[in-house]
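K.L.:
Below: one structure in structure tokens.
Protein chains in written order, with the numbering used here: chain A, 688 to 980; chain B, 35 to 208.
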């Protein structure tokens, strides 16, 4: 019997690991459904060890990349600069016209109110590592709950929505990017107020789903967060419509969005030290700062 | 024992390197070094130790990516088992079969990741065929470069281990 067990130990161990993995995944899913929060000791320790190492390794790589981008790759910069100045001038003129149009339609007041909604404290953080698997899209941040970071807080840059803090340890945090397949945000088209769900596709584009067929959505439209999902505040830039895809029967359509944020170039992000009331209920940790505080 | 520790360290280094270098490599061209190390474990440490190291690397990957705990562990032990089975059928000392095996595992790993995500969460989309193909090509090309290196390291450490075994003193015949 002992010989048989010894002979079969590898297949037996394989079976046990498979079983334990499945049970662990199921338990993890249930725990997350109940409201994810701070990581346990072991998981926190892995993050706390990995983040400084990744930061250390990334530093010389970033230095080489920055040197290349800021010096070597600037051979045609004069020509590009002239072209950009011309574009900037045209865009300024266009922007002025848009502002006039907004004032005329009485929507400026609403934009001012929307900006007021963003007046929440923000914590700047550095992205020290990206996902280690091609099939998940998340980044590691260099601060954790010691700095006030909590799961459920929105992460943005000056360009728009980056994602959501999903887990924190003492000195590190993990953010699931908007382009992750499991990310979703309630969005509206800024121009026509058409509403839909924006989902990550795992690559570098987003999908704007559940747009009713015939709705007023056009290529180039800006999509912003609606605030109705109870996760992200209203009015954050999400992306721009790149392509419209109609279903075979024309009842629904969806759009492919170019994200407002360049996820390949994330270096510094801002975490909004704020969680929507629904998120407060979901996460239910007393240590979290009060909304708007 | 030294080869197992070396391969475990190689796996951890691959995990950390992947995260640190992701920003410097364009999206869609990230080689999956960890998968290659798991294949190396299947070839060079085919026993229970290799299996446990593969599972451990999977758990670390789960923590770092935010995947469900056990997801990568399951995929890595399956990749380990497939490598063992393939090793009995193919001559994996040659570059072409190795590249083919790693490319196939890369596709299976991508599909498996998404399949497990779909099993436990709604609305997770399947990866595009082009993305799978490009990932498989990158991983397949990388494998014949990395595996011989790991193999040489393991070989050197194995020889060291053998040298460390004290030889019994010969008895002088009277």
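Every residue, glycine too, gets a C-beta built ideally from N, C-alpha and C.
Note down, in chain order, all residues in the region 94-111 of chain B with a beta-carbon under 8 Å from any beta-carbon belonging to chain A.
P.N.:
Within the region 94-111 of chain B, the qualifying residues are 94, 95, 97, 98, 99, 100, 101, 102, 103, 104, 105, 106, 107, 108 and 111.
K.L.:
To the nearest angstrom, report how far apart residue 772 (chain A) and residue 161 (chain B) are at their CA atoms.
P.N.:
Cα-Cα distance, rounded: 40 Å.
K.L.:
Taking the alpha-carbon of residue 170 (chain B) as reference, which of B:141, B:155 and B:152 has the nearest alpha-carbon?
P.N.:
Looking at the Cα atoms, B:141 is the closest of the given residues.
K.L.:
Hey, is residue 799 (chain A)'s beta-carbon within less than 8 Å of any beta-carbon in chain B?
P.N.:
Any reading at residue 799 (chain A) is ruled out, since the residue's pLDDT is 49, under 50, leaving its predicted position unreliable.
K.L.:
Restricting to Cα atoms, I'd like to know which of A:918, A:766 and A:945 is closest to residue 983 (chain A).
P.N.:
Since the first residue of chain A shown is 688 and the last is 980, residue 983 (chain A) is not available in this structure.
K.L.:
Buried or exposed: where does residue 817 (chain A) fall if 16 or more other Cβ atoms within 10 Å of its Cβ makes it buried?
P.N.:
It counts as buried.
K.L.:
Grouping DSSP H, G and I as helix and E and B as strand, with all else coil, what is residue 974 (chain A)?
P.N.:
Low confidence applies here, because residue 974 (chain A) scores a pLDDT of 45, under 50, leaving its location unreliable and the question unanswered by this model.
K.L.:
At the level of alpha carbons, what is the spacing between residue 982 (chain A) and residue 735 (chain A)?
P.N.:
The structure shown does not extend to residue 982 (chain A), since chain A spans only 688 to 980, so no value can be given for it.
K.L.:
Please decide whether residue 121 (chain B) counts as near chain A, where near means a Cβ-Cβ distance under 8 Å.
P.N.:
Not one chain A Cβ lies under 8 Å of residue 121 (chain B).
K.L.:
Should the region 885-902 of chain A be regarded as contacting the region 863-875 of chain A, the criterion being three or more beta carbon pairs within less than 8 Å?
P.N.:
They touch, by the three-pair rule.
K.L.:
Residue 827 (chain A) and residue 842 (chain A) - do their beta-carbons sit closer together than 8 Å?
P.N.:
Not in contact: residue 842 (chain A) and residue 827 (chain A) (Cβ atoms no closer than 8 Å).
K.L.:
Suppose the cutoff is 7 Å on Cβ atoms and the five residues either side in sequence are ignored; what does the same chain contact list for residue 68 (chain B) look like?
P.N.:
So the list reads 45, 48, 49, 52, 91 and 95, once near-sequence residues are dropped.
K.L.:
Using a beta-carbon distance cut-off of less than 8 Å, what residues from the region 52-76 of chain B approach chain A?
P.N.:
For the region 52-76 of chain B, which is checked against every Cβ of chain A, the residues closer than 8 Å are 52, 53, 54, 55, 56, 57, 58, 60, 61, 62, 64, 66 and 68.
K.L.:
Consult DSSP for residue 144 (chain B) and reduce its assignment to one of helix, strand or coil.
P.N.:
In this structure, residue 144 (chain B) counts as helix in the three-state DSSP scheme.
K.L.:
Beta carbons nearer than 7 Å to chain B: which residues of the region 879-905 of chain A have them?
P.N.:
For the region 879-905 of chain A, which is checked against every Cβ of chain B, the residues closer than 7 Å are 886, 888, 889, 890 and 891.
K.L.:
Are the C-beta of residue 37 (chain B) and some C-beta of chain A separated by less than 8 Å?
P.N.:
By this cut-off, residue 37 (chain B) is not an interface position.
K.L.:
Starting from the beta carbon of residue 823 (chain A), find every residue of chain B whose beta carbon is closer than 7 Å, and list them in chain order.
P.N.:
Here the neighbours are 99, 100 and 101.
K.L.:
Take residue 911 (chain A) and list the residues in its own chain whose beta-carbon comes closer than 7 Å to its own, dropping the five residues that flank it on each side.
P.N.:
Result list for residue 911 (chain A): 874, 875, 877, 922, 923, 924 and 925, in chain order.
K.L.:
Would you kindly work out how many angstroms separate the C-alpha atoms of residue 75 (chain B) and residue 856 (chain A), rounded to a whole number?
P.N.:
Each residue's alpha carbon lies about 31 Å from the other.
K.L.:
Give the secondary structure of residue 726 (chain A) by DSSP, where H, G and I count as helix, E and B as strand, and everything else as coil.
P.N.:
Residue state, collapsed to three classes: coil.
K.L.:
With 16 as the cutoff for other CB atoms within 10 Å, does residue 979 (chain A) come out buried or exposed?
P.N.:
Summary for residue 979 (chain A): the model assigns pLDDT 39, below 50, so the residue's position carries little reliability, and this model does not support an answer.
K.L.:
Tell me, which residues are paired with residue 884 (chain A) by DSSP?
P.N.:
DSSP output for residue 884 (chain A) lists A:873 and A:896 as bridge partner(s).
K.L.:
Closer than 8 Å by C-beta to residue 881 (chain A): which residues in its own chain qualify, once you throw out the five before and the five after it? Chain order, please.
P.N.:
Counting only Cβ-Cβ distances below 8 Å, and skipping sequence neighbours, we find 875, 898, 899, 902, 903 and 904.
K.L.:
Answer with yes or no whether the minimum CB distance from residue 859 (chain A) to chain B is below 8 Å.
P.N.:
It does not: the Cβ of residue 859 (chain A) has no partner Cβ on chain B nearer than 8 Å.
K.L.:
Only counting the same chain, and skipping five residues up and downstream in sequence, which positions put a Cβ closer than 6 Å to that of residue 767 (chain A)?
P.N.:
Nothing meets the Cβ criterion.
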